[in-house]
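Residue numbers (numbering that gives the first Met the number 0): 0 to 319.
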Amino acid sequence: MLLYEYGRSQYAFSRILTTVERYRRSKIIIDRVSSKQRVNLVVTAPRRGSFKLDVDVDTSEPAADGQATFETLFAVVLDRLIPPGEEFSEVATKLAKIKLRELESGLADSEFPGERVALLQQIADGELYHEGITSDLLRWALGSSSRAITRTEITREELARDLELVDSDIRRKRLVEKFRSSFPASDIDKLAARVRPIFTELAVPLGKSADIIRIGSPAVSRKYYTLDLRRLDSIKHRLLDEEEFEIDVKIKNFDVESEHGSLRSDEFKGVRRFALDPAAPPDVKDKIIAAMQVGSATIQVVQYTDANGVLTSYLVRDVF
0 MLLYEYGRSQ YAFSRILTTV ERYRRSKIII DRVSSKQRVN LVVTAPRRGS
50 FKLDVDVDTS EPAADGQATF ETLFAVVLDR LIPPGEEFSE VATKLAKIKL
100 RELESGLADS EFPGERVALL QQIADGELYH EGITSDLLRW ALGSSSRAIT
150 RTEITREELA RDLELVDSDI RRKRLVEKFR SSFPASDIDK LAARVRPIFT
200 ELAVPLGKSA DIIRIGSPAV SRKYYTLDLR RLDSIKHRLL DEEEFEIDVK
250 IKNFDVESEH GSLRSDEFKG VRRFALDPAA PPDVKDKIIA AMQVGSATIQ
300 VVQYTDANGV LTSYLVRDVF
């Protein structure tokens, strides 16, 4: 692995872990990671080749609510980042259609009796995504010699990769189901928004040095988060909500070259990112700079959200 990619990835990973653990201990969502956070996560030395990176989390300080472990909270945050199944719906639809044709031909199949056939039909029609049935379909396809599957041009490598991703999602959802209600949804959204941009750095090795990153407990059967370039694109994907609104803010910083910055407001906790709308009038950039000097301003914005509807950043269209 390239040292530069490894270094950037592990620095990003430490920021994500520290942000989550600080919240677990104190219910505080930090703006930035520093040595003052008093979160000690001990990392073992990497091994040659495809290696495991073990992180020892000090549990001597209990969670503020006395219930959830670090692993659980981390899984809840990761679960909030992942779009609900869209990335597998196309392959699931193709396989469901093939499977239905086999069942209609009279081939017995104990995996898809009765009520599961009805769900299979909904998947084939593109009306439903079901993780459990998608996992079964992928396992069936990997063990099948059907020419219909070959004609889909989905390779066995792609089927195996999709199966690993789907199964990790299933394990994660089972892990978080008991504890999801233990954390305020608004706090989980803020944590997800805080760590989302860091994932780009965490995944730097996927460009040249690595194909996949797995996160979870030491046991192979307990990997509950699997990251590849396709899933990274899903995390980074943003949707623009065109409904404009105004918000009172304090602009923390603004880079004139990139036209990006960050701001605070009494209407939310922490710092939010923003960018200047390329279509905004020419004087808006000067207004932003003037607002930084004054200390406060009212801005007109639209917002970006991820596929789960969580706010990711603002697009500034005017300053008053």
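Beta carbons are placed, not taken as given, at the ideal position from N, Cα and C, and that holds for glycine.
Predicted, not measured: the structure shown is a model, and the values here were computed from it.
{"Query": "Three CB pairs or more closer than 8 Å across the region 120-137 and the region 70-80", "Result": "no"}
{"Query": "Element boundaries [beta strand (DSSP E), containing Y303]", "Result": "296-304"}
{"Query": "Proximity of R272 and S312 at Cβ, strictly below 9 Å", "Result": "yes"}
{"Query": "Uninterrupted beta strand (DSSP E) stretches inside the region 234-292 (no shorter than 3 residues)", "Result": "238-254, 259-263, 271-275"}
{"Query": "Check whether Y223 and I212 have beta carbons under 9 Å apart", "Result": "no"}
{"Query": "Nearest-angstrom Cα separation, counted from E266 out to K26", "Result": "18 Å"}
{"Query": "L205 and L231 closer than 9 Å at C-beta", "Result": "yes"}
{"Query": "Beta-carbon gap between L1 and S208 smaller than 9 Å", "Result": "yes"}
{"Query": "For D232, three-class secondary structure by DSSP", "Result": "helix"}
{"Query": "Within 9 Å, strictly: CB atoms of V203 and E4", "Result": "yes"}
{"Query": "Residue environment, D135, which counts as buried when at least 16 other CB atoms sit within 10 Å", "Result": "buried"}
{"Query": "Option nearest V116 by Cα separation, candidates L102, G125, Y128, E126", "Result": "L102"}
{"Query": "For R171: DSSP bridge partner residues", "Result": "DSSP lists no partner for R171."}
{"Query": "Beta-carbon contacts of L174 that lie in its chain and below 7 Å, excluding the five residues immediately before and after", "Result": "T71, A74, Y223"}
{"Query": "S295 to S261 span [Cα, whole Å]", "Result": "13 Å"}
{"Query": "Endpoints, alpha helix (DSSP H) assigned at L80", "Result": "69-80"}
{"Query": "Short Cβ contact (9 Å threshold) for D30 with V270", "Result": "yes"}
{"Query": "C-beta atoms of S233 and E86 nearer than 9 Å", "Result": "yes"}
{"Query": "Other residues of its chain near E200: CB distance less than 6 Å, five sequence neighbours each side excluded", "Result": "R7, A11"}
{"Query": "Exposure label - T43; buried when at least 16 CB within 10 Å", "Result": "exposed"}
{"Query": "Option in R160, T17, I298, P196 with minimal Cα separation from I250", "Result": "I298"}
{"Query": "Which of helix, strand or coil DSSP assigns to K93", "Result": "helix"}
{"Query": "Status (buried if at least 16 other CB within 10 Å, exposed otherwise) for L228", "Result": "exposed"}
{"Query": "Beta-ladder partner(s) of D317, from DSSP", "Result": "Q299"}
{"Query": "Residue range of the alpha helix (DSSP H) that includes Y333", "Result": "The requested residue 333 is not part of the displayed model; the chain covers only 0 to 319."}
{"Query": "Complete alpha helix (DSSP H) runs within the region 153-200 (minimum length 4 residues, chain order)", "Result": "155-176, 184-194"}
{"Query": "Nonlocal neighbours in the same chain, by C-beta distance under 7 Å from I132, ignoring five residues either side", "Result": "R115, L118, L119, I122"}
{"Query": "For I211, the three-state DSSP class (helix, strand or coil)", "Result": "coil"}
{"Query": "Three-state secondary structure (DSSP) of V54", "Result": "strand"}
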